[in-house]
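Chemist: Chains as they are written, first to last, in the numbering used here: chain E, 1 to 116; chain F, 1001 to 1224.
Ideal placement from N, C-alpha and C gives every residue a C-beta, glycine not left out.
1) What does a CB cutoff of less than 7 angstroms around residue 1050/F pick up in its chain, not counting 5 residues either side in sequence?
2) Per DSSP, what kind of secondary structure is residue 5/E in: helix, strand or coil?
3) Residue 1040/F versus chain E: which residues are under 8 angstroms apart at the beta carbon?
4) Just to confirm the assignment, what range does the alpha helix (DSSP H) spanning residue 1163/F have?
5) Across which residues does DSSP place residue 1138/F in a beta bridge pair?
6) Any C-beta of chain F within less than 8 angstroms: which residues of the segment 103-115 of chain E qualify?
7) Can you grab the Cα-Cα spacing for the pair residue 75/E / residue 1112/F, in whole Å?
8) Would you tell me roughly how many angstroms separate the C-alpha atoms of residue 71/E and residue 41/E, rounded to the nearest one?
9) Which residues in chain F sit within 8 angstroms of residue 21/E, going by Cβ to Cβ distance?
10) Under a CB-based cut-off of 9 angstroms, is residue 1011/F close to chain E?
11) Between the alpha carbons of residue 1095/F and residue 58/E, how many angstroms are there, rounded?
12) Please check if any C-beta of chain F sits within less than 9 angstroms of the C-beta of residue 72/E.
13) Could you tell me whether the Cβ of residue 1094/F comes closer than 9 angstroms to any Cβ of chain E?
14) Using a C-beta cutoff of 9 angstroms, does residue 4/E count as contacting chain F?
15) Is residue 1203/F helix, strand or coil by DSSP?
16) Assuming residue 115/E is part of the beta strand (DSSP E), what are its boundary residues?
17) Can you name, in chain order, every residue of its own chain whose Cβ lies under 7 angstroms from the Cβ of residue 1175/F, other than the five neighbours on each side?
18) May I have the straight-line CA-CA distance separating residue 18/E from residue 1106/F, to the nearest angstrom?
19) Note down, in chain order, every chain F residue with its Cβ under 8 angstroms from the Cβ of residue 13/E.
20) With DSSP as the reference, label residue 1066/F as helix, strand or coil.
21) Tell me whether the segment 1144-1162 of chain F and the segment 1175-1185 of chain F touch, counting them as touching only if at least three CB pairs, one residue from each stretch, are closer than 8 angstroms.
22) The alpha helix (DSSP H) that contains residue 1190/F, what's its start and end?
23) Determine the chain F residues that contact residue 38/E at a beta-carbon separation under 9 angstroms, and present them in chain order.
24) From residue 1139/F to residue 1038/F, what distance separates their C-alpha atoms?
25) Kindly list the residues whose CB is nearer than 8 angstroms to the CB of residue 1001/F, restricted to its own chain and excluding five residues on each side of it in sequence; keep chain order.
26) Give the DSSP-derived three-state secondary structure of residue 1109/F in the structure shown.
27) Mapping the DSSP letters down to three states, classify residue 1159/F as helix, strand or coil.
28) Please report the residue range of the alpha helix (DSSP H) in which residue 70/E lies.
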């Protein structure tokens, strides 16, 4: 459900960028998605295919997804560990004083455009 | 011949929403309208809570309610019966409201003469937590039958709320495995400053403290 909403945000942003740069056709859009961003790439792609049909600038554009690994930092022992594997509790010292360093991103990295 | 080139963008998709949210907060500040974003699971008692809250506060402040649902207008009708203004907005299948939708809804509603507006968000503990609506404060309702483990399962929601109302406490004798102390500890661990209220929208127990919190928040906001 959530994926459709974020696809609309991406389309809005790409349309804006296309307008600013006078681009008529977008060939592909590359996203950077964090492992714990709660967005599921496969669902995102389905929503994308459906939503771009009504967007002339990107009606055939491919959606490319690059994954950013989720890493959590432990304030007590300084360990950096995989969030997906160990979640909130540090595997080295069992501390709960941890925070996410990266992995909740949802960025548009770049777009590839076609010049006539 | 076709030529391809890459344009580097490198921006968060949520940047626009965050900017929209700040803009809305600025407008609300100028109007002196306190917007509370109220969230919960479906069936936790948002509408019943609102009805009781409105009855307690409507003689002291001008109140409006914006109902957000995927479909139907049953909630808005229930609120209008309490004698305050309400508007129903449909998210068209979306699981949450974003700042732009909130702002459009509020502008259509007209909030200039209102002191306190509640945005009753879509019933869902996941997506509404991720999108800043532009509200001044967030609050959520957790009902006893849902269980005391919800802060563990939906940590983001409990992290972003200034207040949590534990509702349906009149059913504690039936749901006797609900541990009030444990739920409080779990919320505090995520969000040490969170105000936690125990009550029942049905019987009214505990609602004076909840209403007092709203009174104090609205007053502090308007005196700023």
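Modeler: The short version:
1) Along the second chain, read from residue 1 onward, the residue named residue 1050/F stands at position 50. Excluding residues within five positions, the ones whose Cβ falls inside 7 angstroms are 1065, 1079, 1118, 1120.
2) Indexing the first chain from 1 puts residue 5/E at position 5. Residue 5/E: helix per DSSP, three-state reduction.
3) Taking the second chain and counting its residues from 1, the one referred to as residue 1040/F is at position 40. Near residue 1040/F there are no residues of chain E at all, since even the closest Cβ is about 17 angstroms away, more than 8 angstroms.
4) The residue given as residue 1163/F occupies position 163 in the second chain. Taken as a continuous stretch (DSSP letters only), residue 1163/F belongs to no alpha helix (DSSP H), being part of the beta strand (DSSP E) at 1163-1167.
5) Position 138 of the second chain holds residue 1138/F. In the DSSP output, where bridge partners are listed per residue, residue 1138/F has 1037/F.
6) 105, 106, 107, 108, 109, 110, 111, 112, 113, 114, 115
7) Here residue 75/E corresponds to residue number 75 of the first chain, with the count starting at 1. Here residue 1112/F corresponds to residue number 112 of the second chain, with the count starting at 1. Going from the Cα of residue 75/E to the Cα of residue 1112/F covers about 46 angstroms.
8) Locating residue 71/E in the first chain gives position 71, counting from the first residue. Locating residue 41/E in the first chain gives position 41, counting from the first residue. So the alpha carbons of these two residues sit roughly 19 angstroms apart.
9) Within the first chain, the letter at position 21 stands for residue 21/E. Within chain F, the residues near residue 21/E are 1007.
10) As a position in the second chain, residue 1011/F is number 11, starting the count at 1. Yes, residue 1011/F counts as interfacial toward chain E.
11) To locate residue 1095/F, count along the second chain from 1; it is residue 95. To locate residue 58/E, count along the first chain from 1; it is residue 58. About 25 angstroms.
12) On the first chain, position 72 is the one that residue 72/E refers to. No, its Cβ sits nowhere closer than 9 angstroms to a Cβ of chain F.
13) For the purposes of this step, residue 1094/F is taken as the residue at position 94 of the second chain. Interface residue, yes.
14) Reading the first chain from its first residue, position 4 is the one you call residue 4/E. Yes, residue 4/E lies at the interface with chain F (some Cβ there is under 9 angstroms from its Cβ).
15) Position 203 of the second chain, counted from the start, is the residue given in the question as residue 1203/F. Note: residue 1203/F maps to coil in three-state DSSP.
16) For the purposes of this step, residue 115/E is taken as residue 115 along the first chain, with counting starting at 1. 106-115 is the span of the beta strand (DSSP E), which, as asked, contains residue 115/E.
17) The sequence position of residue 1175/F within the second chain is 175, counting from 1. Same-chain partners within the cutoff: 1144, 1145.
18) The residue you call residue 18/E lines up with position 18 of the first chain. The residue you call residue 1106/F lines up with position 106 of the second chain. When rounded, the distance between both Cα atoms is 30 angstroms.
19) Translated into positions along the first chain, residue 13/E becomes position 13. Within 8 angstroms Cβ-Cβ: 1009, 1011, 1013, 1016.
20) Numbered from its first residue, the second chain carries residue 1066/F at position 66. Looking at residue 1066/F - three-state DSSP - the assignment turns out to be strand.
21) yes
22) For the purposes of this step, residue 1190/F is taken as residue 190 along the second chain, with counting starting at 1. Its alpha helix (DSSP H) spans residues 1180-1190.
23) Sequence index remark: in the first chain, residue 38/E carries index 38 (1-based). Neighbours of residue 38/E on chain F, chain order: 1126, 1127, 1130, 1156.
24) As a first step, residue 1139/F is located in the second chain; it is residue number 139 there, counting from the start. As a first step, residue 1038/F is located in the second chain; it is residue number 38 there, counting from the start. Taking the straight line from one Cα to the other gives about 5 angstroms.
25) As a working note, residue 1001/F is residue 1 in the second chain. For residue 1001/F, the predicted model reports a pLDDT of 49, less than 50, meaning its position is unreliable; a value from the coordinates is still stated below. Nothing listed; no residue qualifies.
26) In the second chain, the residue the question calls residue 1109/F occupies position 109. Residue state, collapsed to three classes: helix.
27) Counting from one through the second chain, the residue named residue 1159/F turns up at place 159. Correct three-state label for residue 1159/F: helix.
28) To locate residue 70/E, count along the first chain from 1; it is residue 70. Premise fails: residue 70/E is in no alpha helix (DSSP H) and is neither H nor E.
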